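Only one structure is covered here, and it is reproduced in the block below.
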Amino acid sequence: MIVGGGYAGVTLARALDDAFDVVLLERRDQFYHNVGAMRGYADASFFERLLIPYDRLLRRGRVVQDEAVLAEGGGVRGLVGRYEGDIVVVASGSRHRMPFKSLFTEAGAFLREAGRLSAELAEAESVEVCGDGPVAVELAGEIRWRYPKKAVTLVVKGERLLTGAGNPRLGERAAGQLREMGVRVAYGGVGTGAGLRIAGYGAEFSVPCLGAAGRVAVDDRFRVVGREGVFAIGDAADCGEPALTFLARRQALHLAGQFLGKKAGYGRAGRVPMSVPLGPERGVTQLPLPGLPVAGSWVTARLKGRRLFVAENRERMGYSG
Ligand SMILES: Cc1cc2nc3c(=O)[nH]c(=O)nc-3n(C[C@H](O)[C@H](O)[C@H](O)COP(=O)(O)OP(=O)(O)OC[C@H]3O[C@@H](n4cnc5c(N)ncnc54)[C@H](O)[C@@H]3O)c2cc1C
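Once you know that position 297 of the sequence shown is 379 in this note's numbering, the rest is easy, because the numbers rise by one and skip nothing.
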């Protein structure tokens, strides 16, 4: 019984499909590849590529559309039904503003609201994107790539960009590239106050179905502390790693190995990469190598910026191209 069909839940469900009777409980009718959200914001037609139906994900198991309200050893209570399971894995992720994550249960409703936001952006003469993290930085770059004549300001509270990266050079190089592209970077939280203001921050971590106000503490086997028979992975779980897609997938694959008797305790990822495209051809990447070297546009475009892992995610869901 898996709660949440995001990156972690989908990866786990697929890895266990042959060996277990998998039920994946997901509140939405389609998977949302939110890594591509910033490009979608700048170019609404892209959003359709980011939504992928669940119908081809599992061969034996099933995906049920319902929202879990209580997860406990032995099963899950949803808004619609009750689901029994010897093992319960919570992979309910995190939340963010639209369109960075979806607030909607139906893809059609998501597309209408996301399209409205993109249209609002298209019409604005000037835009202020607020935030210093990857979402804000990437969005500022994507907007300027899509609308080279629009006045774009990145409004940053402090004095640096991408402070979550291990190597401060990543933020410095991103700031340099943004300036070259014609994006004004306003430090100290002072923008012009004019034009459209977009908040590029605001991730929320809580796990209501486990009554947790933040990420839930798990041990090195992803067991939720104090809850027999309940596991958690991905953004929902605090195993000492940052909340990232590829770590959510890595944890899911490890947990699958654990259930299949092939893996024991989890070894935390050491060096963490961070790749921030600024449109398809520019951007910066911190590589997970000794010293966390920072690569520029050539590497970033080929690694992530041109395709944003869309095909990989569609393939994982059983859809080609
Ligand atoms: C805009 C943006 C861009 C990002 N880009 C990157 C990137 O480039 N690289 C990277 O590594 N990370 C990136 N991240 C972080 C990444 O999105 C998360 O780490 C990732 O989504 C975590 O996957 P997950 O499966 O744990 O959770 P989620 O992807 O949040 O999936 C959780 C799923 O559970 C469902 N759900 C929630 N509650 C319930 C419930 N009660 N019942 C049923 N279903 C439920 C949700 O609908 C959702 O489908 C980005 C984040 C944002 C916001």
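Note that CB positions come from ideal geometry on N, CA and C, so glycine has one too. Treat the numbers as computed from the prediction; the structure is a model and nothing was measured.
In terms of Cα proximity to Ala319, the closest of Val392, Leu243, Cys291, Asp137 is Cys291.
Judged by DSSP in its simplified three-state form, Ser174 adopts coil rather than helix or strand.
In this structure Pro324 is exposed. Its beta-carbon is surrounded by fewer than 16 other beta-carbon atoms within 10 angstroms. Between Val170 and Gly155, the beta carbon gap of about 7 Å places them in contact (Cβ cut-off 8 Å). With three or more CB-CB distances shorter than 8 Å, the region 271-279 counts as touching the region 226-244. Cβ contact annotation for Gly160 (same chain, cutoff 7 Å, sequence separation greater than five): Leu107, Asp148, Glu149, Ala150, Val151, in chain order.
A direct Cα-to-Cα measurement between Arg255 and Val381 gives close to 14 Å. Contact check for Asp99 and Gly143: beta-carbon distance about 5 Å, within the 8 Å limit, so the pair qualifies.
By the Cβ neighbour-count rule, Lys344 is exposed, with fewer than 16 other Cβ atoms within 10 Å of its own. In this structure the region 119-127 does not lie against the region 83-93, because fewer than three pairs of beta carbons, one per stretch, are closer than 8 Å. Leaving aside the five residues that flank Ser176 on each side, the residues in its chain whose CB is nearer than 7 Å to its CB run, in chain order, Ala285, Glu286, Phe287, Asp317, Ala325. Scanning its chain for C-beta atoms nearer than 7 Å, with the 5 sequence neighbours on each side dropped, one finds around Ala247 the residues Gly253, Met356, Gln368, in chain order. Across the structure, Arg396 and Leu139 are spaced so that their CA atoms are roughly 10 Å apart. Here DSSP, grouped into helix, strand and coil, assigns Glu254 to helix.
Distance between Ala314 and Arg350, taken at the CA atoms: about 15 Å. Ranked by Cα distance from Val172, the first of His178, Lys183, Gly157 is Gly157. Taking the Cβ of Gly87 as the reference point, at least one heavy atom of ligand 1 falls within a distance shorter than 6 Å.
The distance from the Cβ of Leu203 to that of Ile225 is about 7 Å, consistent with a contact at the 8 Å cut-off. For Gly361, the three-state secondary structure derived from DSSP is coil. The beta-carbon distance between Gln333 and Ala95, rounded to whole angstroms, is 14 Å. This is too long to meet the 8 Å contact definition. Within the region 208-236, the runs of beta strand (DSSP E) that reach at least 3 residues and sit entirely inside it are, in chain order, 208-212. Judged by the Cβ position, Val158 fails to qualify as a neighbour of ligand 1 at the 6 Å threshold, every heavy atom of the ligand being at least this far. In the DSSP assignment, Phe113 is bridged to Ile134. Here Ala101 is exposed. Its C-beta has fewer than 16 other C-beta atoms within 10 Å.
DSSP places Val381 in the helix class (H, G or I) of the three-state scheme.
The beta carbon of Val307 lies closer than 8 Å to those of Val298, Ala299, Val300, Asp301 in the same chain, with the five residues before and after it left out. Unbroken beta strand (DSSP E) runs of no fewer than 3 residues, entirely contained in the region 266-333, are found at 266-268, 278-281, 312-314, following chain order. Rounded to the nearest angstrom, the Cβ distance from Leu244 to Gly215 is 7 Å, consistent with a contact under 8 Å. The residues Lys232, Ala233, Gly277, in chain order, have a CB closer than 8 Å to that of Glu207 in the same chain once the five nearest residues on each side in sequence are set aside.
Counting every other CB atom within 10 Å of its CB across the protein chains shown gives Val145 a total of 16 or more, marking it as buried.
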